[in-house]
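Here the structure comes first, spelled out in structure tokens, and everything after it is commentary.
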Amino acid sequence: MKKIYYLLILSFGWSAATLAQVEAGNSDNLPVHQYTLVIKEEIVNKAGKQVNAMTVNGSIPGPTIEFTEGEYAVIYVKNEMSVETSVHWHGMLLPNFFDGVPYLSTPPIKPGTTFKYEFPLKQSGTYWYHSHTMLQEQSGVYGSIVINPKEKKLQYDKDLVLMLSDWTNEKPINVLRNLKRGNEWYQMKKGTSTPLNRVIGQGAFGAQLNFWKQRMEGADIADVYYPSFLINGKATRDYPEFKPGEKVRLRIINGSASSQFWMTFGGETPTLVAADGKDVVPISRNKTFIAIAETYDFIVTVPKEGKMEFRIVAQDGSGSASAFIGKGKILPAEVLPKPNKIEMMKKMAKMDMKMGAHALKFQPRKDERFEMKEEYGMKMKGMDMSNDAMKMDEDTQMHKKMGHSNMDVETDSTSLIKEMNHDGMKKDSQMKNMKMDAMDMFAEYKYDYLKSPQKTIYDKNLPVKKNLLNLTGNMQRYIWSINGVPLSETDDIAIKSGEVTRMTFNNLTMMHHPMHLHGHFFRVINKYGEYSPLKHTVNVPPMQEVTIEFSGNNGDEYGDWFFHCHVLYHMMSGMARVVSYETPRDPRMAKFSVKKLIKEADLYYKWSTLDVASHMTEFNFIASNIRNQFTISGEYGWNKNLEAEVTYERYLHDYLRVFGGVNIENEIDGSLDEMATTAIAGIRFLTPYLFNLDVRMDSKLRPQIGLSREILIFPRTAVFGMFEYQVDFGWVNELPTGDNFANEITWNAGFEYFLSRNISLMASYDSRFGAGGGLSMRF
Ligand SMILES: [Cu+2]
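Count the sequence shown with mature numbering (1 follows the signal peptide of the UniProt record, and there is no 0) and you get residues -20 to -1, 1 to 759, in order.
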């Protein structure tokens, strides 16, 4: 009886506390607007296959939650899954505790529990929410947020939210595992691989050599194969309910895990009115790029006759989706050509630039940001591109001169070249043209169509703190980082209220990175200078530089905010930071260690391969995280030759690792009677031109050097080869009398034909096992 009484008091106490919390948070007594979101594991069919997914209120995407500016949002998130979850409110200005990054700012939502988020709505516009736990966003945990302004300023009749996303039938963790192991299947499946025959066919062999020399395979746009791209959960959507002549505000959100899109519109040219939730100076515009996590609002007019197409195409041209607004005959949107990666390689190879900046450094604690920027990237001598100390107004000037996609490039480059000459650059004009070419390649990604209606410049008296962030990555191992340092090896970036933080992103990779800062809006410095637009996510194109600045976030200047690339697989591979006001940690977070979040970006991934052929069988197992790798391998020839090896290796930086382990080999050719077990130690190194070099010494003091390489020669066919040379000077073993040394050469060569993601046909000749063919399977 006493117990029940006690429980009653407890539960009463709890509800009183909840009320008090509402009152505490809602100190201005704002009208409360409440939603409940239920996250569940369900089987769905989005691309021709029943797969496990995660839904919000039973659907993918989740529901649109709609508010009015000035309300107080109370959102209950109920976790009905077997794993923990979280919800982040993307682009919202809110108290740090409700930002929704588990273990950093907000407690994770354990299975079977409900978490209550609450915050005042200080803004209006189009935003979205998504899980911030592991790869759950790819599984379906995302939806849209619409906040109506107190006073409607824009003229339109109706709203339509268009949530864009990418869909995979694979488990997202397997997608990342395949990226980590370097499985080339996704590019093959998409038809975006660049085998040697195509490279040579397009006269780009020289460019290919240039890339290989810098340890790069080639130009890359998107890593993952998606069987379907979705608009509001489907590849094709029809909205016949809109009447001819009506003005519809399309609220477009890119909720993809790793796909960026080009958007095109049929019918009348639409008007772009907002970006990332903020109004912009309205501009009539059709073809527009939308990076991951960005939002754009366009006002379209429903055609008098027919239905207009809204079309998205993945940046690499690997797929599209369409929505139709209105009724009748289709007014098609422009179909964009597929980008030619080999042409891109040719252009990039012509540029005077150095690729292959480290994604993993030998000394992660050493500040080498400026050296890194100096050494890698595009060399624009005469233009002060390598100097971070560039003043803001100069920056603006330069952007003006470089112009943007829609401007006459000729005039633009001429004035820029004049400027360069003025700065004392004396180079032949051909060189300049090449560089202009290179800049033009990414000119269409510039944000020069966005102008804020109000000045966004900060008080000139505020101190400015500059930060250079080189965006770095390694495609071979799929490690992404900032300044060569992944999240797991770094400290927070300290910021202060009352100062301006100016960050320059210098992308040293071949991929685009949509960088997102939680809880803040930043100015993306563009040609409009003082009127530069405010955004929460900014895309940084390959080998390009973008500067942003921010100061505070509307009264919530405390706590730790996550800051990361919004390509989910890049974030989960280390391209993230914590930006901290360095205020005491919220006591409600005491039980939750941030280490848990940081570890998520440094997990071990495991994979194996098994070859079964007429002459031999081979097994390989690898477990690998950012710095460490364990390998178990065994080869057995039916002619009774065997070699097995277990090694541990440590990555000192991207290309260099030290290793140690044990090797077992038969002593006499064709007989397993005598087995030799030796300890081995050495280094492994990825050389320019992408050869794997293995230099080792065994416990019998026999040095050995090995070299291996694999090259894709046709769309689905790769050739591979390995060469090992071992010398025995008789320091331990006794050599036959009269011999100063003995040597052993081992080699193999063969080809592999990819049948599917996990199965290949293979044929090879091996100096130990002879010739044969069979199957190669990946697990
Ligand atoms: Cu990225």
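Glycine is no exception: its CB is placed at the ideal position from the N, C-alpha and C atoms.
Where residue 164 is concerned, there is no enclosing alpha helix (DSSP H), because DSSP gives it neither an H nor an E. Between the C-alpha atoms of residue 588 and residue 464 there is a straight-line separation of about 28 Å.
A residue is called buried once 16 or more other Cβ atoms fall within 10 Å of its Cβ, and residue 175 is buried on that count. Beta bridge pairing from DSSP links residue 643 with 625 and 658. Taking the Cβ atoms as the reference, residue 289 lies roughly 6 Å from residue 304, within the contact range of under 8 Å. Residue 12 is bridged by DSSP to 52. With 16 or more other Cβ atoms from the protein chains shown falling within 10 Å of its own Cβ, residue 88 counts as buried. The three-state reading of DSSP puts residue 728 in strand, counting E and B together. In the DSSP assignment, residue 179 falls within the unbroken alpha helix (DSSP H) covering 176 to 181. For residue 728, the closest alpha carbon among the candidates 745, 721, 754 and 32 is that of 745. A check of alpha carbon separations from residue 194 across 443, 337 and 276 identifies 337 as the nearest. Short note on residue 550: C-beta closer than 6 Å to some heavy atom of ligand 1. Shown here, residue 551 sits in a helix according to DSSP, grouped into three states. For the beta strand (DSSP E) assignment, the uninterrupted runs of no fewer than 3 residues enclosed by the stretch 247 to 332 are, from N- to C-terminal side, 251 to 255, 258 to 264, 268 to 270, 275 to 281, 286 to 294 and 300 to 307.
Taking the C-beta atoms as reference points, residue 617 is found no nearer than 7 Å to residue 721. Per DSSP, residue 190 is not a residue of any beta strand (DSSP E); the alpha helix (DSSP H) it occupies stretches across 185 to 193. Taking a cut-off of 8 Å on C-beta distances, the stretch 560 to 575 does not touch the stretch 504 to 513, as fewer than three cross pairs fall below it.
Counting only the Cα atoms, residue 568 lies some 55 Å from residue 733. Of the heavy atoms belonging to ligand 1, at least one sits nearer than 6 Å to the Cβ of residue 555. In terms of CA proximity to residue 172, 323 leads the group 148, 323 and 636. Between residue 72 and residue 91, the C-beta gap is not smaller than 7 Å, which leaves the two residues out of contact.
Straight-line spacing of the CA atoms in residue 95 and residue 605 works out to 32 Å. Counting along the chain, residue 145 sits inside no alpha helix (DSSP H); it lies in the beta strand (DSSP E) bounded by residues 138 to 147. Residue pairing by DSSP places residue 711 opposite no residue, since no beta bridge is assigned to it.
In terms of CA proximity to residue 638, 662 leads the group 531, 662, 657 and 596. Counting of Cβ neighbours within 10 angstroms places residue 216 among the exposed residues, the total staying below 16. Taking the Cα positions, residue 421 is about 35 Å away from residue 471. Taking residue 98 as the centre and dropping the five residues before and after it, the same chain places the C-beta of 1, 2, 5, 6, 52, 53, 54, 55 and 78 closer than 8 Å to its C-beta, in chain order. DSSP links residue 61 through a beta bridge to no other residue. The closest heavy atom of ligand 1 lies 6 Å or more from the beta carbon of residue 179.
Ranked by how close their Cα comes to the Cα of residue 354, the residues 335, 341 and 574 have 335 in first place. The beta-bridge partner set that DSSP reports for residue 493 consists of 520. Secondary structure of residue 603 (DSSP, three-state): strand. At a threshold of 6 Å, residue 500 does not count as near ligand 1, since its beta carbon sits no closer than that to any of the ligand's heavy atoms.
Bridge partners of residue 352 according to DSSP: none are assigned. With at least 16 other beta carbons inside 10 angstroms of its own, residue 105 counts as buried.
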